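Q:
Number of protein chains: 2
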Amino acid sequence: MTHTIGRHVLADLYECDPGRLDDVALIERALRAAAAAAGATVVGAAFHRFVPQGASGVLLVAESHLSVHTWPEHSFAAADLFTCSPTLDADAALSVLREMLACQRLATRDIHRGDALVRYTAPR
Amino acid sequence: MTHTIGRHVLADLYECDPGRLDDVALIERALRAAAAAAGATVVGAAFHRFVPQGASGVLLVAESHLSVHTWPEHSFAAADLFTCSPTLDADAALSVLREMLACQRLATRDIHRGDALVRYTAPR
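For the protein sequence lines, the chains are Z and F, in the order given.
Residue numbers for the first sequence follow our numbering, so the first one is 5 and each next one is one higher.
Residue numbers for the second sequence follow our numbering, so the first one is 5 and each next one is one higher.
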């Protein structure tokens, strides 16, 4: 079976709870819970809360990264899950994020990265 | 003018110098130089080197994030630039990354995030 080297899931989360989106400690708990649900191994992290509102967070994982940026004023969050592992469970991670941020709608794009590496035939 | 809330540029970098892709200190310098070239303000960072090879890095910036994951064994790097600022210069950032990682080819996807926020009409 031929794999691409990376799978990148872009998840736009709409109609989320604005209070949760503005709580950077909750954002960190949600990202770490999402990583655990996906089966990812965390190797680095960075979080930031903006003034007057909004938060950003990213986890570097052995399988690549999970990130989220929030706009409480629009009840909107943009999450990414980039993985080079075919066994990482992206759906589980996104379900956790959606539930913990209390989002009503989720729109995803699933993108193959490095798809011009035609000779690539096995997961990393 | 109507904006989307976020612009996400996915850049696949091919035929890069494998030695540079395996040098996490160089990866950090390259990401920070790319952020500076784009006009971004760094607010957080995380980097990791893998065994036996490869590196990952991410900068949280006030305008969202820059990330890169490298596969020296494939001379390949996957970079992302996510911005909520219409004035951030993504092309300048990618030019810096391409040059510092000595990549021969660059393939980009330019994706609008939060495009279902139809009432959104101004940059953050």
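Backbone N, C-alpha and C define an ideal beta-carbon position, used for all residues, glycine too.
Because the structure is a prediction, the values reported are computed rather than measured.
1. Are the region 94–114 of chain F and the region 17–35 of chain F touching, with three or more C-beta to C-beta distances below 8 Å?
2. List, in order along the chain, the chain F residues whose C-beta lies closer than 8 Å to that of Arg-11(Z)?
3. Only counting the same chain, and skipping five residues up and downstream in sequence, which positions put a Cβ closer than 7 Å to that of Ala-38(Z)?
4. Alpha carbon to alpha carbon, how far is Phe-54(Z) from Leu-25(F)? Give it in angstroms, no decimals.
5. Spatial neighbours of Met-5(F) within its chain, please: C-beta separation below 6 Å, excluding the five flanking residues on both sides.
6. Enumerate, from N- to C-terminal direction, the unbroken beta strand (DSSP E) stretches of 3 or more residues contained entirely within the region 34–102 of chain Z.
7. Return helix, strand or coil for Ile-9(F), following the three-state DSSP convention.
8. Taking C-alpha atoms, which residue in His-12(Z), Ala-83(Z), Met-104(Z), Leu-63(Z) lies nearest to Thr-87(F)?
9. If you draw a straight line from the alpha carbon of Ala-81(Z) to that of Trp-75(Z), how long is it in whole angstroms?
10. Whole angstroms is fine: what's the gap from His-116(Z)'s alpha carbon to Gln-57(Z)'s?
11. So, using beta-carbon positions, are Glu-67(Z) and Ala-94(Z) closer together than 8 Å?
12. Kindly list the residues whose CB is nearer than 8 Å to the CB of Leu-121(F), restricted to its own chain and excluding five residues on each side of it in sequence; keep chain order.
13. Ignore the nearest five residues each way along the sequence and tell me which others in Ala-42(Z)'s own chain have a CB closer than 6 Å to its CB.
A: So, from the listed chains and residues:
1. The region 94–114 of chain F vs the region 17–35 of chain F: in contact.
2. Sequence index remark: in the first sequence, residue 11(Z) carries index 7 (1-based). Under the 8 Å cutoff, chain F gives no residues; its nearest Cβ is about 11 Å from Arg-11(Z).
3. Residue 38(Z) sits at position 34 when you count from the first residue of the first sequence. By the criterion of a C-beta distance shorter than 7 Å, Ala-38(Z) is surrounded in its chain by Leu-70, Ala-97, Val-100, Leu-101, once the five residues flanking it on both sides are discounted.
4. Here residue 25(F) corresponds to residue number 21 of the second sequence, with the count starting at 1. Here residue 54(Z) corresponds to residue number 50 of the first sequence, with the count starting at 1. Each residue's Cα considered, the two are about 32 Å apart.
5. Within the second sequence, residue 5(F) is the residue found at index 1, counting from 1. Here Met-5(F) scores only 42 on pLDDT, less than 50, and its place in the model is too uncertain to base an answer on.
6. 46–53, 59–65, 68–75, 80–87, all fully within the region 34–102 of chain Z.
7. Here residue 9(F) corresponds to residue number 5 of the second sequence, with the count starting at 1. Ile-9(F) falls in the coil class under three-state DSSP.
8. Taking the first residue of the second sequence as 1, we reach residue 87(F) at position 83. Nearest of His-12(Z), Ala-83(Z), Met-104(Z), Leu-63(Z) to Thr-87(F), Cα basis: Ala-83(Z).
9. Within the first sequence, residue 81(Z) is the residue found at index 77, counting from 1. Within the first sequence, residue 75(Z) is the residue found at index 71, counting from 1. Going by the C-alpha atoms only, they are around 6 Å apart.
10. On the first sequence, position 112 is the one that residue 116(Z) refers to. On the first sequence, position 53 is the one that residue 57(Z) refers to. Cα to Cα, the separation comes out at about 33 Å.
11. As a working note, residue 67(Z) is residue 63 in the first sequence. As a working note, residue 94(Z) is residue 90 in the first sequence. Glu-67(Z) places its beta carbon 8 Å or farther from that of Ala-94(Z).
12. Against the second sequence, residue 121(F) aligns to sequence position 117. If we look at Leu-121(F) and ignore the five residues flanking it on each side, its Cβ neighbours are Thr-8, Ile-9.
13. Position 38 of the first sequence, counted from the start, is the residue given in the question as residue 42(Z). Shown here for Ala-42(Z): same chain residues with a beta carbon closer than 6 Å to its own, the five before and five after excluded, namely Leu-92, Asp-93, Ala-96, Ala-97 in chain order.
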